[in-house]
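> What follows is a structure written as structure tokens; I'll ask about it next.
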Amino acid sequence: MTTTCFIRPYHPADRPAIRRICIATSWMGRPDDKHIPDDWLWAEYWTRYFTDREPQHTWIVQRCNDNEIVGYLTGIADVRRFGRFVPFLLPGIILRVIRKRLMRRQAFRTALMAFLRSFARGELELPPRVEKEYPATFHFNLLPDARRQGLGQRLFQTFRARMQSLGVPGIHAETLSSNRHVAAFLRNADFRLLDVRPINTFAHVEPEPMEMFTWVMSLQGNSVGTNVAAPKGQANTAATAPCNRSVENRIPIKPSQERLRCHQNPIK
Ligand SMILES: CC(C)(COP(=O)(O)OP(=O)(O)OC[C@H]1O[C@@H](n2cnc3c(N)ncnc32)[C@H](O)[C@@H]1OP(=O)(O)O)[C@@H](O)C(=O)NCCC(=O)NCCS
621 MTTTCFIRPY HPADRPAIRR ICIATSWMGR PDDKHIPDDW LWAEYWTRYF
671 TDREPQHTWI VQRCNDNEIV GYLTGIADVR RFGRFVPFLL PGIILRVIRK
721 RLMRRQAFRT ALMAFLRSFA RGELELPPRV EKEYPATFHF NLLPDARRQG
771 LGQRLFQTFR ARMQSLGVPG IHAETLSSNR HVAAFLRNAD FRLLDVRPIN
821 TFAHVEPEPM EMFTWVMSLQ GNSVGTNVAA PKGQANTAAT APCNRSVENR
871 IPIKPSQERL RCHQNPIK
């Protein structure tokens with residue numbers, strides 16, 4: 621079924637919806653308490669920085685008929701900022717662990733130990749060069765009904781155009797080898813696979829060996845607009861900005877222009 625939606629900038633009132641969708645899509649696009657032992661911790665880690673510290677790089681997908689939020693993209697212009705923010709997450713995380721008595725749960729203890737082992741082995745570290753040459757990164761999630769309609773591409777184009785307008789040299793993305801549809805998306809969007817390394821964070825619940833893929837895209841040498849390609853096989857008429865005139869698609873998108881009203885130019 622095709623859903624008619626529009627993409628708009630993030631508003632603080634969207635925060636709970638983003639966290640809900642983050643949990644609903646936590647493992648390969650589905651909720652999963654086998655891999656994710658605590659939903660709140662997952663949402664806190666993956667969304668808090670983006671909604672609270674860099675909200676200007678978050679966009680929302682909203683359904684036209686009932687205004688339901690069905691997806692989002694959270695982005696960061698320099699991933700090193702996230703690294704510096706992580707210590708600020710720790711008090712809330714520790715409080716959650718104590719309040720919910722998570723250490724009493726075997727599944728939580730096993731997951732925590734696996735995470736710490738991966739961390740100590742450097743499995744979660746970005747390959748050298750990536751932070752400097754491709755500092756921007758993003759996370760995007762759509763609820764199942766909103767997938768495969770070009771919304772992911774439009775979210776990503778909006779983010780990429782913003783990064784280009786800021787002069788960011790490149791974007792990277794990290795995916796688990798089992799997340800094949802995201803790999804297909806990134807290939808389709810012209811990302812290049814830079815690095816593959818084994819990762820054991822989920823070895824206690826995943827029988828198959830897993831790898832972490834690092835994908836990169838350079839933004840250097842591309843002027844804003846010309847790199848904002850329309851999805852394959854479509855004219856660039858339903859771009860995120862509320863315009864269908866090609867000349868307007870060549871200028872950097874201003875926040876005020878990003879709102880795509882349903883009656884103006886819906887994404888179907
Ligand atoms: C990943 C995600 C955001 C992609 O958004 P989307 O709107 O579904 O993707 P699009 O419709 O824009 O697809 C663009 C291209 O990506 C590729 N692609 C996307 N989903 C695919 C899938 N399930 N299988 C194969 N290719 C796929 C195709 O090449 C597609 O082009 P095409 O439709 O012309 O063939 C969305 O599928 C999603 O939210 N998935 C679940 C959560 C998730 O895994 N998030 C990523 C965490 S890193």
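Per my numbering, the sequence shown starts with residue 621, numbered consecutively.
Cβ coordinates follow ideal geometry from the N, Cα and C atoms, glycine included.
The structure displayed is predicted, hence computed values, not measured ones.
Who pairs with Val706 in a beta bridge, going by DSSP?
Taking the sequence shown and counting its residues from 1, one reaches residue 706 at position 86. Note: Val706 sits in no beta bridge, so no partner.
> Could you tell me whether the region 725–736 touches the region 799–815, using the rule of 3 or more Cβ pairs below 8 Å?
These segments do not touch.
> Look at the alpha carbon of Glu751 and the alpha carbon of Pro651, and state the distance between them as a whole number of angstroms.
Counting from one through the sequence shown, the residue named residue 751 turns up at place 131. Counting from one through the sequence shown, the residue named residue 651 turns up at place 31. Whole-angstrom Cα-Cα distance: 30 Å.
> Glu831 by DSSP, collapsed to three states: which one?
Mapped onto the sequence shown, residue 831 falls at position 211. In this structure, Glu831 counts as strand in the three-state DSSP scheme.
> How many whole angstroms separate the CB atoms of Leu798 and Met830, which I take to be in contact at a CB cut-off of 8 Å?
If you number the sequence shown from 1, residue 798 lands on position 178. If you number the sequence shown from 1, residue 830 lands on position 210. The sequence given here has Ser at residue 798, not Leu. Going by Cβ atoms, the distance from Ser798 to Met830 rounds to 6 Å, so yes, they are a contact pair.
> Starting from Asn820, trace the beta strand (DSSP E) both ways and give me its first and last residue.
What you label residue 820 is simply residue 200 of the sequence shown in a count that begins at 1. Here Asn820 belongs to no beta strand (DSSP E), and DSSP marks it neither H nor E.
> Assuming Phe779 and Gly695 form a contact by the criterion Cβ under 8 Å, report the distance between their Cβ atoms to the nearest whole angstrom.
Here residue 779 is taken as the residue at index 159 of the sequence shown, counted from 1. Here residue 695 is taken as the residue at index 75 of the sequence shown, counted from 1. Correct: roughly 5 Å between the Cβ atoms.
> Any residues whose CB sits closer than 5 Å to a heavy atom of ligand 1? List them in chain order?
That gives Thr645, Gly649, Phe760, Asn761, Leu762, Arg767, Arg768, Gly770, Leu771, Gly772, Gln773, His801, Val802, Ala804, Phe805 and Asn808.
> Indicate the three-state DSSP secondary structure (helix, strand or coil) for His632 in the structure shown.
Translated into positions along the sequence shown, residue 632 becomes position 12. The amino acid occupying residue 632 in the given sequence is Pro; His does not appear at that position. Of the three classes helix, strand and coil, the one that applies to Pro632 here is helix, per DSSP.
> Does the region 780–787 come within contact of the region 663–672, defined as at least 3 CB pairs closer than 8 Å?
Flag = no, the region 780–787 and the region 663–672 do not touch.
> Please state whether DSSP places Asn761 in a helix, a strand or coil.
In the sequence shown, the residue the question calls residue 761 occupies position 141. Looking at Asn761 - three-state DSSP - the assignment turns out to be strand.
> Check the DSSP bridge columns for Trp679 and list the partner residues they point to.
Your numbering for residue 679 matches position 59 in the sequence shown. In DSSP, Trp679 forms a bridge with Pro629 and Leu693.
> Between which two residues does the alpha helix (DSSP H) holding His801 run?
Numbered from 1 along the sequence shown, position 181 holds the residue referred to as residue 801. First-last of the alpha helix (DSSP H) with His801: Arg800 to Asn808.
> Give the C-beta separation of Pro801 and Thr834 to the nearest angstrom, bearing in mind that I take them to be a contact with Cβ-Cβ under 8 Å.
Counting from one through the sequence shown, the residue named residue 801 turns up at place 181. Counting from one through the sequence shown, the residue named residue 834 turns up at place 214. In the sequence as displayed, the identity of residue 801 is His instead of Pro. His801 to Thr834, Cβ: 18 Å. No contact.
> Considering Cα atoms alone, identify which of Leu661, Phe776 and Arg817 is closest to Pro747.
Mapped onto the sequence shown, residue 747 falls at position 127. It is Arg817 whose Cα lies nearest to the Cα of Pro747.
> Could you give the distance in angstroms between the alpha-carbon of Ala766 and the alpha-carbon of Ile643?
Residue numbering aside, residue 766 sits at position 146 when the sequence shown is read from its first letter. Residue numbering aside, residue 643 sits at position 23 when the sequence shown is read from its first letter. One C-alpha to the other measures close to 16 Å.
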